[in-house]
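Student:
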Amino acid sequence: MPQEKEEIFKKIGVDVSEDNINIDLTKTKDFFNTLQNTLQEKAETMEKDIAEGKLDLEKNVGIKVDNEHINIDLKKTKSFIEEFGKKIEHFLGEIDKVVEKIDKK
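So the sequence shown is residues 52 to 156, counted in this note's numbering.
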């Protein structure tokens with residue numbers, strides 16, 4: 052495994068050698084708690100920004116919400132979902148690669 056990836060794994064509590072995989076549950080738990088908190092903060096910020104009109108979903112996603120109506124531009128929404136899907140596929144592909152490398156060891 053490249054040194055860079057090995058360092059990343061060690062930071063989250065996973066030590067991968069030729070014969071063993073050691074997981075430090077405390078570090079791993081801390082990593083996932085930090086990740087959860089970060090994602091929750093981002094979601095709360097986005098929710099607040101949407102409510103205050105700072106984030107323009109109409110422009111980026113094709114959805115406009117006001118007190119009386121919800122307007123959805125299906126072309127913009129479709130583009131957003133397709134782009135988002137591609138990003139998810141790429142992310143899952145990277146996870147698959149890491150799992151395959153671990154399986155080989």
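Built from N, CA and C at the ideal position, the CB exists for glycine as well.
According to DSSP, is ASP124 helix, strand or coil?
Tutor: DSSP places ASP124 in coil when its eight states are reduced to three.
Student: How many Å lie between PRO53 and THR85 at the Cα?
Tutor: For PRO53 and THR85, the distance between alpha carbons rounds to 25 Å.
Student: What does the alpha-carbon distance come out to for the pair LYS99 and VAL112?
Tutor: Straight-line Cα distance between these residues: approximately 17 Å.
Student: Any idea what DSSP makes of ASP100, helix, strand or coil?
Tutor: Helix, per DSSP.
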